[in-house]
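Enquirer: First to last, the sequence lines map onto chains C and R.
Just so it is clear: in the first sequence, position 120 is 120 by this note's numbering, and no numbers are missing.
Going from the second sequence to this note's numbering is simple: count from 1 and add 210.
Sharing a structure with you now.
Number of protein chains: 2
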Amino acid sequence: MASSSVDTVLGIGPTDRKAELTRERILDAAARAFRDRGYAGARLADIAASIGMKAGSLYYHFDSREALVEAVMVRGLGRAHAALERRLAALTSDTPPLARIEAAIETHLTEVLHDSDSVSASIKLIWQVPADIRDRVLAGHRAYGAIWTRLLREARAAGALRADLDLSVTRMAILGALNWAVDWYKPGGASPRRIARDIAQMVLGGLATR
Amino acid sequence: MASSSVDTVLGIGPTDRKAELTRERILDAAARAFRDRGYAGARLADIAASIGMKAGSLYYHFDSREALVEAVMVRGLGRAHAALERRLAALTSDTPPLARIEAAIETHLTEVLHDSDSVSASIKLIWQVPADIRDRVLAGHRAYGAIWTRLLREARAAGALRADLDLSVTRMAILGALNWAVDWYKPGGASPRRIARDIAQMVLGGLATR
DNA sequence: GTCTATAAATTGATAGAC
DNA sequence: GTCTATCAATTTATAGAC
């Protein structure tokens, strides 16, 4: 069958549907392996075997082990970024600043825990991969973090947030509390929704009685 | 010179002062390497070279690569545990529950950021090391977490904490916010003390104005 | 105690058959 | 597109000199 699509003419898309699907399966398998075993700990043979392939076959789809891990991280970051922007865009313009932050917390946690292994991989691998990959992916991390900075700044400007805390520290503390869940969350315990709710309550309202 | 000490007679301590010192230097170097490059990414040759040794020499002090990483993690966990218990024991008996939690937050962050690379290593490596090592170290992690659980339970029992949040989620969220700092903290920015203060304020008092 | 040299085992990557 | 076979490069671990 013909394998080319109109995308080929434009030179912007996948040239083959089957290859593209296989590429997706490889990325999913690689995301899981790299995230669970670390960058250096994940072997190409394991990644291939987990989807019924042989290591050599991966090279038809990716130039190298490094290209593979970078593709995983870029995809994960892109998904998180897109999900957050989509969620925020869906809020009505009169949504209060604190409600926006709460929505962001729930969206981030959902992405990290539930949606795609590549999201958590892009977070956990950032300090393990070679420097050139790290620098490129880190630029994306900063763009994502900028959304959070904007949310926090707007909330503070609106008088909804206390003004005596370092916003940068605050941002990283929130993301740390959320990202850490990758390491302890287990299906069967508290649901992602419940976890997000509790963390949002803690972050915004505090643990202390009032 | 004679290298044995009285400890040797009892069979419980270091048999040689020089060997013991070297062992410490190896553990420090290994902690840094394992933490920064991941379990599989850190090479024995790099660890040895960073303290002016050769890879083969490490085997005089440790049986294997796995024994080395386990020793690093056990030491790190032990330090964090000891530091927290020491700090809490130093508080007067009339210290309010929230002040205890605040002290614990500051102590944990100080240990993770400042005191020893093995503390952060014991945290970051837990899901990367072989299963048998992980299981043994995880038992120590649970013992450490139990201190936090006790702190939170006592605070709630005293009516100082809101009662509608899952304490387990709360505990992991706090530790996540703190542990994450390993990845973004850079000397020259906000000090560990300032970071600890801001996170404690957020966790206990919340970000929202009241 | 530490070094050098080397054995033994992996693993990323390539070439060519199908 | 995927497989098999193989090369080349690493790296853990050991043995013996000093």
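For every residue, glycine included, the Cβ atom is placed at its ideal position computed from N, Cα and C.
None of the values given here were measured: they were computed from a predicted structure.
How about the segment 122-135 of chain C and the segment 92-102 of chain C: do they share at least three Cβ pairs that are nearer than 8 Å?
Expert: The segment 122-135 of chain C, when compared against the segment 92-102 of chain C, does not touch it at the 8 Å Cβ threshold.
Enquirer: Do alanine 239 of chain R and serine 260 of chain R have their C-beta atoms within less than 8 Å of each other?
Expert: Along the second sequence, read from residue 1 onward, the residue named residue 239 of chain R stands at position 29. Along the second sequence, read from residue 1 onward, the residue named residue 260 of chain R stands at position 50. Going by C-beta atoms, alanine 239 of chain R is nearer than 8 Å to serine 260 of chain R.
Enquirer: Can you tell me whether threonine 317 of chain R is buried or exposed? The criterion is at least 16 other CB atoms within 10 Å of its CB, across all chains shown.
Expert: Along the second sequence, one-based indexing puts residue 317 of chain R at 107. Result: buried.
Enquirer: Quick check: is the beta carbon of leucine 298 of chain R nearer than 8 Å to any beta carbon in chain C?
Expert: To locate residue 298 of chain R, count along the second sequence from 1; it is residue 88. No, leucine 298 of chain R lies away from the interface with chain C (no Cβ there is under 8 Å from its Cβ).
Enquirer: Return helix, strand or coil for leucine 362 of chain R, following the three-state DSSP convention.
Expert: The count along the second sequence starts at 1 and reaches residue 362 of chain R at position 152. Of the three classes helix, strand and coil, the one that applies to leucine 362 of chain R here is helix, per DSSP.
Enquirer: Using the beta-carbon count (16 or more within 10 Å), is arginine 142 of chain C buried or exposed?
Expert: Looking up residue 142 of chain C in the first sequence gives position 142. The residue in question, arginine 142 of chain C, is exposed, as its Cβ has fewer than 16 Cβ neighbours within 10 Å.
Enquirer: Answer yes if the segment 130-142 of chain C comes into contact with the segment 166-184 of chain C, meaning at least three C-beta pairs across the two stretches below 8 Å, and no otherwise.
Expert: Contact fails: fewer than three Cβ-Cβ distances are below 8 Å.
Enquirer: Thinking C-alpha only, which one of R:Asp376, R:Ile405, R:Ala255 is nearest alanine 173 of chain C?
Expert: Residue mapping note: residue 173 of chain C aligns to position 173 of the first sequence, counting from 1. Minimum Cα distance to alanine 173 of chain C is reached at R:Ile405.
Enquirer: With H, G and I counted as helix, E and B as strand and the rest as coil, what does DSSP make of leucine 91 of chain C?
Expert: Start at 1 with the first residue of the first sequence, and residue 91 of chain C comes out as number 91. Three-state result, leucine 91 of chain C: coil.
Enquirer: Using only the alpha-carbon positions, how far apart do leucine 165 of chain C and aspartate 226 of chain R sit?
Expert: The residue given as residue 165 of chain C occupies position 165 in the first sequence. The residue given as residue 226 of chain R occupies position 16 in the second sequence. Whole-angstrom Cα-Cα distance: 50 Å.
Enquirer: Here's the rule I'm using: 16 or more other beta-carbon atoms within 10 Å means buried, otherwise exposed. How should threonine 380 of chain R be labelled?
Expert: Within the second sequence, numbered from 1, the residue matching residue 380 of chain R stands at position 170. So threonine 380 of chain R counts as buried.
Enquirer: Contact between the segment 265-281 of chain R and the segment 58-77 of chain C is defined here as three or more beta-carbon pairs at a separation below 8 Å; is this criterion met?
Expert: No: the two stretches stay apart, fewer than three of their Cβ pairs being nearer than 8 Å.
Enquirer: Beta-carbon within less than 8 Å of leucine 348 of chain R's beta-carbon, same chain only, minus the 5 sequence neighbours each way: which residues are those?
Expert: Translated into positions along the second sequence, residue 348 of chain R becomes position 138. So the list reads Ile336, once near-sequence residues are dropped.
Enquirer: Would threonine 149 of chain C pass as a contact of arginine 372 of chain R if the rule is Cβ separation under 8 Å?
Expert: Position 149 of the first sequence, counting from 1, holds the residue named residue 149 of chain C. Position 162 of the second sequence, counting from 1, holds the residue named residue 372 of chain R. The answer is no: Cβ separation not under 8 Å.
Enquirer: State yes or no: is the C-beta of alanine 155 of chain C within less than 8 Å of the C-beta of leucine 98 of chain C?
Expert: The residue labelled residue 155 of chain C in the question sits at position 155 within the first sequence. The residue labelled residue 98 of chain C in the question sits at position 98 within the first sequence. In contact: alanine 155 of chain C and leucine 98 of chain C (Cβ atoms closer than 8 Å).
Enquirer: Can you give me the C-alpha to C-alpha distance between proline 402 of chain R and leucine 362 of chain R, rounded to a whole angstrom?
Expert: By 1-based counting over the second sequence, the position of residue 402 of chain R is 192. By 1-based counting over the second sequence, the position of residue 362 of chain R is 152. Using only the alpha carbons, I get a separation of about 23 Å.
Enquirer: Whole angstroms is fine: what's the gap from glycine 38 of chain C's alpha carbon to methionine 53 of chain C's?
Expert: Position 38 of the first sequence holds residue 38 of chain C. Position 53 of the first sequence holds residue 53 of chain C. Cα to Cα, glycine 38 of chain C sits roughly 21 Å from methionine 53 of chain C.
Enquirer: Give me the residue from R:Ala255, R:Ala290, R:Phe244 with the minimum Cα distance to glutamate 280 of chain R.
Expert: Here the question's residue 280 of chain R lines up with position 70 in the second sequence. Residue R:Phe244 is the option with its Cα nearest to glutamate 280 of chain R.
Enquirer: Taking the C-alpha atoms as reference points, what is the distance between glutamate 321 of chain R and histidine 291 of chain R?
Expert: In the second sequence, residue 321 of chain R corresponds to position 111, counting from 1. In the second sequence, residue 291 of chain R corresponds to position 81, counting from 1. Roughly 10 Å between the two C-alpha positions.
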